[in-house]
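Chains as they are written, first to last, in my numbering: chain A, 1315 to 1373; chain B, 90 to 310; chain C, 410 to 564; chain D, 2 to 249.
For every residue, glycine included, the Cβ atom is placed at its ideal position computed from N, Cα and C.
Computed from a predicted model, the values in this text were never measured in an experiment.
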Amino acid sequence: MYFESFAAFLQMGTHGPFVWSAYGISALLIATNMWLAYRRQRLVLNEIRRLARRDQGSL
Amino acid sequence: MSFTATMQRELLLAWRRPAEIINPLFFFVMVVALFPLGVSPRPELLATLAPGVVWVAALLAVLLSVDGLFRADHDSGALEQLLTAPQSLYVPVLAKLAAHWMLTGLPLVVMAPLLGYMLHLPEQAIGVLFIAVLLGTPTLVAIGAIGAALTVSLRSGGILLSLLVLPLYVPVLVFGAGVVSYAAKGLPVSGVLALLGAMMLASFTLAPAAVAAGLRISSGN
Amino acid sequence: MNPLRKQRLLIIVGVLAGLGIAVGLVLYSLSQNINLFYTPQQIVSGEAPEGAQMRVGGLVVDGSVRRDKDGLGVLFDLTDGVGTFTVRYEGILPDLFREGQGIVANGTLVRQDYFEAEEVLAKHDELYMPPEVQQALEKAGHPGAKPEQAEKDGY
Amino acid sequence: MMVWKTLTRWYHQLGSPRYFYRFSEVLLPWLWPIALLTTAVGLVWGLAFAPEDYQQGNSYRIIFIHVPAAGGALLGYVAMGVAGLVNLVWRMKMAEVMIKAIAPFGAVLAAIALITGAIWGKPTWGTYWVWDARLTSMLIMLFLYLGVMALINAIPDPRQAGRAAGLLSVVGVINVVIVKYSVEWWQSLHQGSTIKLTGGSTMPAEMLTPLLISMLGIYLLFAVSVLWRARAELLWRERKSAWVKELV
């Protein structure tokens, strides 16, 4: 590690708040996006299955 | 349909319904008039705001007028007829854009110097304002028409149209308003005016093709 | 030629002509200073109009920064190796503001050698280096790669 | 010749929804862990192990997310423009699906580039935001992404929506050129590019390596996100076709 201690790593000299807020916001946005993208295909698959079952039931 | 025939038809239609020419002009003048009332009537403040105010108002006036550019043709089925014809759509669309600019853009161009004067714009900037609006409004019409073509079949196209088109209007606004304030400060303007001219030429040559594609998409063939 | 073909040809010629002229106009406008950005050289040679709002950029001359005894006023010289002029600014300077650093200032040219800044921003170059490397370079007699950089950036 | 044949075969196979679905089914279980791992390695390396910068100190560490995000947003828009063009010429269904799949993460990356840039700008330039060419054109790129998404949402027929969004993407590609060259054309406050395709990069290896790794990571995450969204869209569009019915 480049930093001498974990505290120094969190502090980043005087720039800790800038660096960590930038990474925090980015991580939040990316994670939300990935989760939504993943969930969408699961939801679609479930919906199609439901429609298929309903069609079978009505036959 | 040839260029001149489309042009004549458009001008004749507009002649029968003059409100469509006058309303954008009214809108333009009223929006500009709101600023001295809303901000402050101080001449030096108004003079610095003037380029931006006139341009934003012109931009919105064109945006509103362009929304209905193809709607009547779409609803009456004239568009469908045009789309099935063997000729390319480029020429009739170009004629339509040119006619629309003459009907709604040109009055704004004529009115702009007067509004600049009312906002205490320095005299040496008023001529440049006229040229800038003259070069800039055709670009606004051409880009706006692409958005209008894409949203023609939608009932509530207005807000969506502005979402699609306003980002693309930004360069015209930046350079159009910029060149007027340069002129007010006595700085050289030929470079920016050349850029506005380039945008006008590029958008007017390319936009008809994009508009034609957009109309085909919107009518579903 | 049948009329349909003829029309298509006319369209293509028209589009090419329009785009050609547009490219010419863009090239012309790029040769002009269209963003009111002036280098010290241009200011010293009198290209920049006095009394107008503009942006200037250059390197802060080593040893030229002098602060007012009272208040936040700062005077410093800006150079690009050819011309030099003085900038006055009142306010808090950015962290990266230091002698030898490139800056961009917004403000008014009062006289041909005196600029009143309303805003001073540190222009960072695209050069990154660990501090040890920079120190080693300085010891070896290269003060970073800045002079070249300055030339490249047009300062 | 062989290469060309392979390429055109791929183009046609991936253009077929069924083949694309199968292909992504095989690819994704591998791709998403690799993408996540690469991003994590790049960012942790950049945050904790890369040396600090001689001028900016530690605030420069923001570039390890800022540069990949900005690059991804630009690349995503170009991809959308290409897909739009392909769709205008050949009316390829997959191209429409791709445009819809690219736009959301592209918008997210554009937003991240703007936000992290603003946070970095405060300690470095001395301001969060300047209305200069690079920053403004990037903001326009975010608006264009949102415009594409709004257009897709507004048009009820999915094929028509996809084609309309494609045309808008093609028109908006002009902005990519402005973003890319704004720094050179209008002496923007923003510095020039650090990573150059030709010639040397102005960054030593111990900083450049983690930057390139995070870039690869973010691009891979982009690919995963696009594949997931494209699969969802494909399934829904083709829900009445035989291959989907077979699948469920």
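Assuming residue i contacts residue j under a Cβ cut-off of 8 Å, what Cβ separation, rounded to an integer in Å, is found between them?
{"i": "B/Val278", "j": "B/Val268", "result": "5 Å"}
{"i": "C/Leu468", "j": "C/Asp489", "result": "7 Å"}
{"i": "B/Thr294", "j": "C/Gly427", "result": "4 Å"}
{"i": "D/Tyr146", "j": "D/Ala111", "result": "6 Å"}
{"i": "B/Pro211", "j": "B/Ala266", "result": "That pair is no contact at about 15 Å."}
{"i": "B/Val261", "j": "B/Leu204", "result": "At roughly 18 Å, the Cβ-Cβ gap does not stay under 8 Å, so B/Val261 and B/Leu204 are not in contact."}
{"i": "D/Phe24", "j": "D/Leu38", "result": "About 22 Å; that fails the 8 Å criterion."}
{"i": "B/Gly280", "j": "C/Gln441", "result": "3 Å"}
{"i": "A/Ile1362", "j": "D/Arg240", "result": "5 Å"}
{"i": "B/Pro202", "j": "B/Leu114", "result": "14 Å between Cβ atoms; not a contact."}
{"i": "D/Ala231", "j": "D/Met99", "result": "6 Å"}
{"i": "D/Leu44", "j": "D/Ser215", "result": "5 Å"}
What's the gap between the Cα of residue i and the Cα of residue j?
{"i": "B/Met96", "j": "D/Val171", "result": "28 Å"}
{"i": "C/Leu530", "j": "D/Val249", "result": "60 Å"}
{"i": "B/Gly127", "j": "B/Gln213", "result": "26 Å"}
{"i": "D/Pro18", "j": "D/Leu235", "result": "7 Å"}
{"i": "C/Val491", "j": "C/Gln451", "result": "9 Å"}
{"i": "B/Leu290", "j": "B/Ala161", "result": "27 Å"}
{"i": "B/Arg244", "j": "B/Leu250", "result": "11 Å"}
{"i": "B/Ala174", "j": "B/Ala167", "result": "11 Å"}
{"i": "C/Arg464", "j": "C/Val513", "result": "7 Å"}
{"i": "B/Phe264", "j": "D/Thr137", "result": "13 Å"}
{"i": "B/Pro125", "j": "B/Arg106", "result": "32 Å"}
{"i": "C/Lys555", "j": "C/Glu508", "result": "With a pLDDT of 44 at C/Lys555, under the threshold of 50, the modelled position of that residue is not reliable, and no figure is offered here."}
{"i": "D/Val27", "j": "A/Ala1351", "result": "18 Å"}
{"i": "A/Ala1341", "j": "A/His1329", "result": "18 Å"}
{"i": "B/Met62", "j": "C/Leu445", "result": "The structure shown does not extend to residue 62 of chain B, since chain B spans only 90 to 310, so no value can be given for it."}
{"i": "A/Thr1346", "j": "A/Arg1353", "result": "10 Å"}
{"i": "C/Leu419", "j": "C/Leu413", "result": "10 Å"}
{"i": "A/Trp1334", "j": "B/Leu149", "result": "41 Å"}
{"i": "C/Ile540", "j": "A/Glu1318", "result": "Before going further, note that residue 540 of chain C is Pro rather than Ile in the sequence given. If you take the alpha carbons of C/Pro540 and A/Glu1318, they lie about 16 Å apart."}
{"i": "D/Tyr12", "j": "B/Gly246", "result": "36 Å"}
{"i": "B/Gly309", "j": "D/Arg164", "result": "10 Å"}
{"i": "C/Phe494", "j": "D/Gln57", "result": "27 Å"}
{"i": "B/Phe313", "j": "B/Val230", "result": "As shown, chain B starts at 90 and ends at 310. That puts residue 313 of chain B outside it, with no answer to give."}
{"i": "D/Tyr20", "j": "C/Lys532", "result": "51 Å"}
{"i": "B/Leu158", "j": "A/Leu1365", "result": "42 Å"}
Taking Cβ positions, are residue i and residue j nearer each other than 9 Å?
{"i": "B/Ala146", "j": "B/Phe116", "result": "yes"}
{"i": "B/Val314", "j": "B/Ala237", "result": "There is no way to answer for residue 314 of chain B, as the model of chain B reaches only from 90 to 310."}
{"i": "D/Trp244", "j": "D/Tyr61", "result": "no"}
{"i": "D/Ala71", "j": "D/Gly85", "result": "no"}
{"i": "B/Leu152", "j": "B/Leu255", "result": "yes"}
{"i": "D/Val227", "j": "D/Ala134", "result": "no"}
{"i": "D/Ala206", "j": "A/Tyr1316", "result": "no"}
{"i": "D/Pro105", "j": "D/Gly218", "result": "no"}
{"i": "B/Thr188", "j": "B/Ala103", "result": "The residue you asked about is not Thr; residue 188 of chain B is Ala in the sequence shown. Cβ atoms of B/Ala188 and B/Ala103: closer than 9 Å."}
{"i": "C/Glu499", "j": "C/Leu481", "result": "yes"}
{"i": "C/Tyr537", "j": "D/Met204", "result": "yes"}
{"i": "D/Thr9", "j": "D/His67", "result": "no"}
{"i": "C/Leu484", "j": "C/Val470", "result": "no"}
{"i": "C/Glu525", "j": "C/Gly511", "result": "no"}
{"i": "D/Ile63", "j": "A/Ala1336", "result": "yes"}
What's the call for residue i, buried or exposed, on a 16-neighbour Cβ count within 10 Å?
{"i": "D/Ile141", "result": "buried"}
{"i": "D/Ala41", "result": "exposed"}
{"i": "B/Tyr179", "result": "buried"}
{"i": "C/Arg476", "result": "exposed"}
{"i": "B/Val121", "result": "buried"}
{"i": "D/Glu53", "result": "buried"}
{"i": "C/Asn411", "result": "exposed"}
{"i": "C/Glu557", "result": "Unreliable placement is indicated for C/Glu557, whose pLDDT of 42 sits below 50; the coordinate value is still reported in the next sentence. With fewer than 16 other Cβ atoms within 10 Å, it is exposed."}
{"i": "D/Lys6", "result": "exposed"}
{"i": "B/Glu99", "result": "buried"}
{"i": "C/Lys415", "result": "exposed"}
{"i": "B/Pro132", "result": "exposed"}
{"i": "A/Met1321", "result": "For the sequence presented, residue 1321 of chain A should be read as Ala rather than Met. By the neighbour-count rule (16 or more Cβ atoms within 10 Å), A/Ala1321 is not buried but exposed."}
{"i": "A/Arg1356", "result": "exposed"}
{"i": "A/Asn1360", "result": "exposed"}
Using a Cβ cut-off of 9 Å (strictly closer), state whether residue i contacts chain E.
{"i": "C/Leu518", "result": "Among the protein chains of the structure shown, namely A, B, C and D, there is no chain E."}
Handout entry: Meets three-Cβ-pair contact criterion under 8 Å: the stretch 17 to 35 of chain D and the stretch 72 to 87 of chain D
Key = With the cut-off at 8 Å, the stretch 17 to 35 of chain D and the stretch 72 to 87 of chain D do not touch.
Handout entry: Segment contact flag, the stretch 114 to 127 of chain D with the stretch 86 to 106 of chain D, C-beta cutoff 8 Å, min 3 pairs
Key = Counting Cβ pairs under 8 Å, fewer than three are found: no touch.
Handout entry: At least three beta-carbon pairs within less than 8 Å, the stretch 282 to 293 of chain B to the stretch 145 to 163 of chain D
Key = The answer is no - the stretch 145 to 163 of chain D does not touch the stretch 282 to 293 of chain B, with fewer than three Cβ pairs under 8 Å.
Exercise for the section: Would you be able to state if there are at least three C-beta pairs under 8 Å between the stretch 491 to 508 of chain C and the stretch 422 to 438 of chain C? Expected result: Contact between the stretch 422 to 438 of chain C and the stretch 491 to 508 of chain C is absent: fewer than 3 CB-CB pairs across the two stretches fall below 8 Å.
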